[in-house]
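Residue numbers (my numbering), protein chains in the order written: chain A, 398 to 501; chain B, 398 to 501.
All C-beta atoms, glycine included, are put in the ideal place defined by N, C-alpha and C.
All values derive from a computational prediction rather than experimental measurement.
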DNA sequence: TTGTTAATTAACGTAAGTGATAATTAAGTA
DNA sequence: TACTTAATTATCACTTACGTTAATTAACAA
C-alpha cells in the first residue's frame with residue numbers, strides 16, 4: 398500500500414510544511430534552529446515526530462542536539478505522483494519523467 | 398498566503414486521494430460513480446465538500462447528479478512546489494520548469 | 001557534583017475529523 | 001399526484017490532532 402496519504406497528511410499542517418520548506422532550502426537544521434515563535438518546543442517536537450513517522454525527515458543525533466533533514470525520496474514520491482497524471486497536463490511533461498529517473 | 402497546506406491536508410486522506418486519482422485518470426465523474434464501498438454516501442458527500450473547499454475539484458450540476466472534476470491548477474501547484482526545491486534534486490529537473498509553464 | 005542547555009515525554013483540555021443513521025431536498029418517472 | 005433516484009444536510013458518537021504546562025532525560029560545563 399502506498400504511504401502517499403500519510404505524506405500528504407503530514408504536509409497538511411502549516412507548521413510542518415514550514416519546517417520541511419526550511420530544511421529543503423537550508424539543509425540540515427537542529428530542532429532549536431527550526432523552533433517557530435508561534436508554538437512551544439513540545440509542540441514542535443511532536444511535529445518532528447509526525448514528519449519522521451511519515452518518512453519525510455530523518456533525525457541525526459549530535460550531543461544534546463537533534464539534527465533534521467529531508468529524505469529526498471519523500472519529495473520525489475510527490476513529484477512522481479504528479480507525473481503519473483501528466484496526460485492531464487496535455488502530455489507536455491514527459492521530459493520530467495526522465496529527469497526524475499536521473500535524480501535517483 | 399498560500400493554500401498549499403490546505404491542499405495537502407485534503408489529499409491526506411486515503412478516501413479523498415482515491416477520489417482525486419480516479420477523477421484524474423477517468424475525467425469527470427458523478428458522486429454516485431465515485432461511491433466507495435467502504436464508506437456511506439453521506440461520508441462521501443462530505444469528502445467532496447472538503448475537496449471543493451480546498452479548490453481541488455469543481456462541481457457541476459446535471460439534473461439530480463453532481464459531476465466532479467479536478468482543477469488542473471491544484472495539481473499544478475503541487476508540481477510547482479516540488480520544483481521550487483529542484484536544487485535538492487541535484488539541479489537535474491530544470492526542464493520541468495518549462496514544461497509546467499507550457500501547460501498553463 | 002551542581003547547574004545549564006536541548007529536546008523530549010507525560011498529562012490534560014479542547015477543537016477538528018470521520019463515520020453512521022435518519023431526515024431532507026431536488027429532479028426525474030409512472 | 002405519488003414513487004423513485006441522487007445527493008446532501010442534520011444529528012450524534014467516537015477518535016485523532018494540536019496546543020499548553022510540568023516533568024523528565026541526556027549531554028555538556030563550572
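Item                                                                                                                      : Value
Under 8 Å by beta carbon: chain A residues contacting residue 440 of chain B                                              : By Cβ distance, chain A contributes nothing, its closest Cβ being about 16 Å from residue 440 of chain B, past 8 Å.
Beta carbon proximity, residue 452 of chain A to chain B, threshold 8 Å                                                   : no
Element boundaries [beta strand (DSSP E), containing residue 473 of chain B]                                              : Element bounds for residue 473 of chain B: not the beta strand (DSSP E) but the alpha helix (DSSP H), 469 to 481.
Residue 466 of chain B (DSSP reduced to helix, strand or coil)                                                            : strand
Three-way DSSP call (helix, strand, coil) for residue 407 of chain B in this model                                        : helix
Any 3 or more C-beta pairs closer than 8 Å across the stretch 398 to 410 of chain A and the stretch 446 to 462 of chain A : yes
Cβ neighbour criterion (16 or more within 10 Å) applied to residue 440 of chain B                                         : exposed
Residue burial classification, residue 404 of chain A (beta-carbon count within 10 angstroms, cutoff 16)                  : buried
Residue 430 of chain B burial status per 10 Å Cβ neighbour count (16 or more: buried)                                     : exposed
Pick from A:478, A:422, A:455, A:444 that is closest to residue 465 of chain A, judged by C-alpha positions               : A:455
Cutoff 6 Å; reference residue 366 of chain B; Cβ partners in own chain excluding five residues on either side             : A query on residue 366 of chain B cannot be resolved here, the shown segment of chain B reaching from 398 to 501 and no further.
Per-residue burial, residue 501 of chain A [other beta carbons within 10 Å of its own, 16 or more giving buried]          : Note on residue 501 of chain A: pLDDT 46, under 50, position unreliable in the model; the coordinate value appears next. Counting Cβ neighbours within 10 Å, residue 501 of chain A comes out exposed, since fewer than 16 surround it.
Residue 468 of chain B versus B:479, B:421, B:477, residue with shortest Cα-Cα distance                                   : B:421
Residue 401 of chain A: contacting residues in chain B (beta-carbon distance under 7 Å)                                   : 414
Helix, strand or coil at residue 442 of chain B according to DSSP, with G and I counted as helix                          : helix
Any C-beta of chain B under 8 Å from that of residue 482 of chain A                                                       : yes
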